Amino acid sequence: MIGVAAIQTEQGFDSPQLGLQCGDFSLEASHLGSKSFAVGTGLLRDAPTLPVSASQVPLLSSYSASSNPGDVVLDPFCGCGTTVCAAEKLDRNWVGIDITHLSVALIKARLRRDFGLEPSDYQEEGTPTTTAGAQYLFEQDAFQFQFWILGEIGAQPFGASAGNKKGKKGADGGIDGLMYFLRPDGGKVEKVIVSVKGGKNLSAPMVRDLAGVLTKEQAAIGIFVCLAPPTKGVLKEASQQGGYEYGGKMYQRVQVLTVDEILAGKMPDIPKGAVNVSYEQKAQKSLATESKKKGMSSLF
Numbered sequence: 011m012i013g014v015a016a017i018q019t020e021q022g023f024d025s026p027q028l029g030l031q032c033g034d035f036s037l038e039a040s041h042l043g044s045k046s047f048a049v050g051t052g053l054l055r056d057a058p059t060l061p062v063s064a065s066q067v068p069l070l071s072s073y074s075a076s077s078n079p080g081d082v083v084l085d086p087f088c089g090c091g092t093t094v095c096a097a098e099k100l101d102r103n104w105v106g107i108d109i110t111h112l113s114v115a116l117i118k119a120r121l122r123r124d125f126g127l128e129p130s131d132y133q134e135e136g137t138p139t140t141t142a143g144a145q146y147l148f149e150q151d152a153f154q155f156q157f158w159i160l161g162e163i164g165a166q167p168f169g170a171s172a173g174n175k176k177g178k179k180g181a182d183g184g185i186d187g188l189m190y191f192l193r194p195d196g197g198k199v200e201k202v203i204v205s206v207k208g209g210k211n212l213s214a215p216m217v218r219d220l221a222g223v224l225t226k227e228q229a230a231i232g233i234f235v236c237l238a239p240p241t242k243g244v245l246k247e248a249s250q251q252g253g254y255e256y257g258g259k260m261y262q263r264v265q266v267l268t269v270d271e272i273l274a275g276k277m278p279d280i281p282k283g284a285v286n287v288s289y290e291q292k293a294q295k296s297l298a299t300e301s302k303k304k305g306m307s308s309l310f
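Under this note's numbering, the first residue of the sequence shown is numbered 11, with each subsequent residue one higher.
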């Protein structure tokens, strides 16, 4: 399990009617089953095996010597998920907790890449499961809402990298999140820009602004994610922004995706073949170079 803890509150909150369960770091034995989690935002399950990064080697030795398969490994500050992945590899059950939704999104991506695990394979608590829960999170902390919803669609918060998991706050030039994919011939990395709107006042000019950012950044596709239902003007404006051709298939250039649709399982309609977004700020050539150097495959 992995998780976001008390969401900046000492007393915590418990709002199951909103799809949220958050509180302090206290754990009860009843929560520590093979697929359970403590109070906070988290994920948990038991594990298969796969190649391991250098940072996991000391943990593998420690866990092998101090625990047995089926035991529970707890990391209350799980960050980028090295402990969780090491425990998963050694067939230990695990509990991970962190203060930010960005960490949870990163660990979910690692579990998918390294072990083929989807959210249905472990228990996650403390993140929204309903539109009302998403609204509550947005009202509590707009940036945590943004980090959470970007993670749900597999996008990386703008400004986040291997050495910086905080993302970018403040002026972002209309870019909240980024995704990447390779052209069919593998010779070019294309960019997808995500714009997140948590407010209720949505308008067509917001979509035109996103289209302008796509042109400025030479991006292939834009995803307009909104918490409130989009207006007819927003949908019409998006439909008028043309398409993007990839391998003989046309993709809508600007796509509108609601939080409600994302929670129901809908994802951005973009080509497959993502590159490792941990290196998105590097030059295009170095994306492939760094991935090979680190021995890493696609994360998001």
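Cβ atoms here follow ideal geometry from the backbone N, Cα and C, with glycine treated the same way. Please read these numbers as outputs of a predicted model, since none were measured by experiment.
Please classify residue i as buried or exposed, where buried requires at least 16 other C-beta atoms within 10 Å of its C-beta.
i	result
G197	exposed
N6	Given that the chain is displayed from residue 11 to residue 310, the structure contains no residue 6 and the question cannot be resolved.
N103	buried
K118	buried
F87	exposed
A230	buried
T93	buried
S113	buried
A221	buried
T141	buried
T225	exposed
D85	buried
M277	exposed
K242	exposed
K259	exposed
Helix or strand or just coil, what does DSSP make of residue i?
i	result
L237	coil
T268	strand
V219	The amino acid at residue 219 is misidentified as Val; the sequence shows Asp. D219: helix per DSSP, three-state reduction.
K198	coil
L84	strand
I159	helix
C90	coil
A96	helix
A75	helix
A274	coil
G183	coil
K226	helix
L212	coil
Starting from residue i, trace the alpha helix (DSSP H) in both directions and tell me its first and last residue.
i	result
Q262	Segment K259 to Q262 is the beta strand (DSSP E) holding Q262; no alpha helix (DSSP H) there.
G243	K242 to S249
Could you give the first and the last residue of the continuous beta strand (DSSP E) run that contains residue i?
i	result
F168	That residue, F168, is in no beta strand (DSSP E); it is neither H nor E in DSSP.
Which residues share a DSSP beta bridge with residue i?
i	result
F191	E200
E255	M260
K207	C236
I231	V202
Inset, instruction - Kindly provide the ranges of any alpha helix (DSSP H) runs that are 4 or more residues long and lie completely inside the segment 99 to 148, ordered along the chain. - result: Positions of the alpha helix (DSSP H) runs, each at least 4 residues long and wholly inside the segment 99 to 148, are given as 111 to 125 in order along the chain.
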